[in-house]
Amino acid sequence: MAILVTGGAGFIGSHTVKHFTDLGEEVIVVDNLHTGHRGSLSNEIFYELDIRDTAALEHVFNQHPIEAVIHFAASSLVGESGQHPHEYYHNNVYGTMCLLDVMRRNDVNWIVFSSTAATYGDPERIPIKEQDVTSPTNTYGETKLTMEKMMKWYDHAYGLKYVSLRYFNAAGAHPSGAIGERHDPETHLIPLILEVPNNQREKVYIFGDRYPTKDGTCIRDYVHVMDLASAHHDALNYLRAGKESDIFNLGNGNGYSVKEVIAMAREVTGHPIPAEVKERRDGDPAQLIASSEKAKQMLGWEPRYGSLRKIIEDAWKWHSGEGAGKKVSTISERLYNVRLAISKSSFK
Ligand code: UFG
Numbered sequence: 044m045a046i047l048v049t050g051g052a053g054f055i056g057s058h059t060v061k062h063f064t065d066l067g068e069e070v071i072v073v074d075n076l077h078t079g080h081r082g083s084l085s086n087e088i089f090y091e092l093d094i095r096d097t098a099a100l101e102h103v104f105n106q107h108p109i110e111a112v113i114h115f116a117a118s119s120l121v122g123e124s125g126q127h128p129h130e131y132y133h134n135n136v137y138g139t140m141c142l143l144d145v146m147r148r149n150d151v152n153w154i155v156f157s158s159t160a161a162t163y164g165d166p167e168r169i170p171i172k173e174q175d176v177t178s179p180t181n182t183y184g185e186t187k188l189t190m191e192k193m194m195k196w197y198d199h200a201y202g203l204k205y206v207s208l209r210y211f212n213a214a215g216a217h218p219s220g221a222i223g224e225r226h227d228p229e230t231h232l233i234p235l236i237l238e239v240p241n242n243q244r245e246k247v248y249i250f251g252d253r254y255p256t257k258d259g260t261c262i263r264d265y266v267h268v269m270d271l272a273s274a275h276h277d278a279l280n281y282l283r284a285g286k287e288s289d290i291f292n293l294g295n296g297n298g299y300s301v302k303e304v305i306a307m308a309r310e311v312t313g314h315p316i317p318a319e320v321k322e323r324r325d326g327d328p329a330q331l332i333a334s335s336e337k338a339k340q341m342l343g344w345e346p347r348y349g350s351l352r353k354i355i356e357d358a359w360k361w362h363s364g365e366g367a368g369k370k371v372s373t374i375s376e377r378l379y380n381v382r383l384a385i386s387k388s389s390f391k
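Counting from 1, position 230 in the sequence shown corresponds to residue 273 in my numbering; the numbering is continuous, with no gaps.
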């Protein structure tokens with residue numbers, strides 16, 4: 044039986060697809076290609092569709108016996124989510140409802156869900172544990188928390204079993220350099236830093252240096268995308284073993300400041316990478332560090348690429364290689380950006 048991966052052409056999705064196929068799993072990918080890239084996939088069976096198109100999704104379930112779903116398909120930009128809550132609720136919350144209902148109709152009861160540290164908001168303690176208060180400070184985190192709750196009640200009523208994986212700061216790239224992180228526009232720290240030695244920008248901006256941290260800049264827990272990919276397989280096996288629904292943090296438990304990340308990127312690339320301090324970015328918590336003990340104990344998750352150096356080395360291998368040259372947007376991506384621009388102006 045096959046594993047259906049929604050949003051499998053995105054950053055974490057495509058690395059998970061590669062990991063699953065390398066392990067010999069049969070994978071079917073669906074993605075609307077609004078932000079994902081067809082070029083991040085290989086020879087997997089692929090359907091360009093939106094999960095809200097339930098007839099098209101139903102067709103995929105009719106064509107292939109599906110054992111479980113790995114669900115990445117979602118809009119995931121914190122800043123954009125604040126300007127476009129309608130789009131975020133529609134794509135993330137309503138989209139997940141469509142998916143769960145097609146799963147129900149087809150008697151597919153296992154789902155691994157792509158969640159986020161943004162469900163916690165400003166943490167009350169560090170490291171953050173799964174039972175800590177969830178109080179998102181942005182629309183994106185709120186939609187992900189709502190999706191988790193929807194799955195909880197679908198489990199209660201219909202017996203859907205889910206594993207929700209709350210990622211901290213996903214980064215890095217496949218160690219082969221074949222696939223990596225490509226967002227348009229890019230908002231994440233490590234790819235932005237690497238655009239400097241790649242001659243795509245002159246300097247990197249540090250968003251605030253007066254936080255209550257060791258050097259005044261924000262601290263994050265960076266986790267290698269291949270370690271996230273392997274956690275999805277651990278989660279699938281957990282469900283296959285007949286275990287109960289649950290939520291797990293995924294991070295390394297080590298916090299690095301923005302200045303430390305820039306310093307490591309200077310070491311890895313050998314480039315001076317000029318940096319300039321700017322004002323704080325709205326809604327950035329000073330510190331986010333995960334406790335992932337629960338995932339290690341209950342899922343048997345063993346991160347292999349825990350060091351910041353390895354994360355940046357792999358990201359740099361991709362960014363400095365052919366991958367970075369593949370930043371050609373697809374027709375779907377361009378249409379999506381045009382639609383977003385139109386909806387921005389019509390709601391002003
Ligand atoms: N930063 C800079 N300069 C930049 C970009 C980022 O100083 O040009 C800083 C940010 O202020 C933050 C840190 O670098 O302190 C990391 O920023 P990212 O944008 O790379 O990541 P975030 O921590 O903001 O976001 C990540 C995920 C989100 C998720 C969030 C959970 O990308 O999907 O963690 O809080 F929602």
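C-beta atoms are modelled at their ideal positions from N, C-alpha and C, and glycine is treated no differently.
Note that the coordinates shown come from a computational prediction; the quantities given were computed from them, not determined experimentally.
**OP:** Using beta-carbon positions only, say whether Pro179 and Thr162 come within less than 7 Å of one another.
**Re:** yes
**OP:** State yes or no: is the C-beta of Ala99 within less than 7 Å of the C-beta of Gly79?
**Re:** no
**OP:** Give me the Cβ distance between Tyr132 and Gly215, rounded to the nearest whole Å; I'm assuming they're in contact under 8 Å.
**Re:** Wrong, their Cβ atoms sit about 30 Å apart, outside the cutoff.
**OP:** Return yes when at least one heavy atom of ligand 1 lies under 6 Å from the C-beta of Asp264, else no.
**Re:** no
**OP:** Give, in chain order, every unbroken run of the alpha helix (DSSP H) that is at least 4 residues long and sits entirely within the region 79–156.
**Re:** 97–106, 121–126, 128–131 and 138–148
Original post:
Quick one: Cα of Lys192 to Cα of Asp175, how far?
Top reply: 15 Å
**OP:** Verify the contact flag: His231, CB atom, against every heavy atom of ligand 1, threshold strictly below 6 Å.
**Re:** yes
**OP:** Could you check if Tyr205 is buried or exposed, using at least 16 other CB atoms within 10 Å of its CB as the buried criterion?
**Re:** buried
Original post:
What separation, rounded to the nearest whole angstrom, lies between the Cα atoms of Leu237 and Asp264?
Top reply: 18 Å
**OP:** Could you check what DSSP says for Ile46 in three-state terms: helix, strand or coil?
**Re:** strand
Original post:
Between the C-alpha atoms of Tyr137 and Ile355, what's the straight-line distance to the nearest angstrom?
Top reply: 36 Å
Subject >> Phe250 Cβ short of 6 Å to ligand 1 heavy atom set >> reply: yes
Original post:
DSSP on Phe63, reduced to helix/strand/coil?
Top reply: helix
Original post:
Anyone know if the C-beta pair for Tyr197 and Leu203 falls short of 7 Å?
Top reply: yes
Original post:
Can you give the Cα-Cα distance for Ile169 and Ser124, rounded to whole angstroms?
Top reply: 26 Å
Original post:
Three-state secondary structure (DSSP) at Gly51?
Top reply: coil
Original post:
DSSP three-state call for Ser158: helix, strand or coil?
Top reply: strand
Original post:
Would Pro255 be called buried (16 or more neighbouring beta carbons within 10 Å of its own) or exposed?
Top reply: exposed
Original post:
Considering only residues of the same chain and omitting the five flanking positions on each side of Phe156, which have a CB-CB separation below 6 Å?
Top reply: His114, Tyr205 and Ser207
**OP:** Please work out which residues of its chain come closer than 7 Å, Cβ to Cβ, to Gly343, disregarding the five sequence neighbours upstream and downstream, and give them in chain order.
**Re:** Asp277
Subject >> Segment contact, 8 Å Cβ cut-off, at least three pairs: the region 246–262 with the region 95–109 >> reply: no
Original post:
From the DSSP output, which residues share a beta bridge with Asp175?
Top reply: None; Asp175 has no bridge partner.
**OP:** May I ask whether a heavy atom of ligand 1 can be found less than 6 Å away from the beta carbon of Ala161?
**Re:** yes
Subject >> Burial state of Thr49 (16 or more Cβ within 10 Å) >> reply: buried
Original post:
Are the region 273–288 and the region 320–329 touching by the rule of at least three beta carbon pairs closer than 8 Å?
Top reply: no
Original post:
Under the criterion of a Cβ to heavy atom distance below 6 Å, does Asp325 qualify as lining ligand 1?
Top reply: no
Original post:
According to DSSP, is Leu76 helix, strand or coil?
Top reply: coil
Original post:
Does DSSP put Val247 in a helix, a strand or coil?
Top reply: strand
Original post:
Between Ala272 and Thr59, which are expected to be in contact by the criterion C-beta below 8 Å, what is the C-beta distance as a whole number of angstroms?
Top reply: 4 Å
Subject >> CA-to-CA distance, Ser219 to Thr64, given in whole angstroms >> reply: 15 Å
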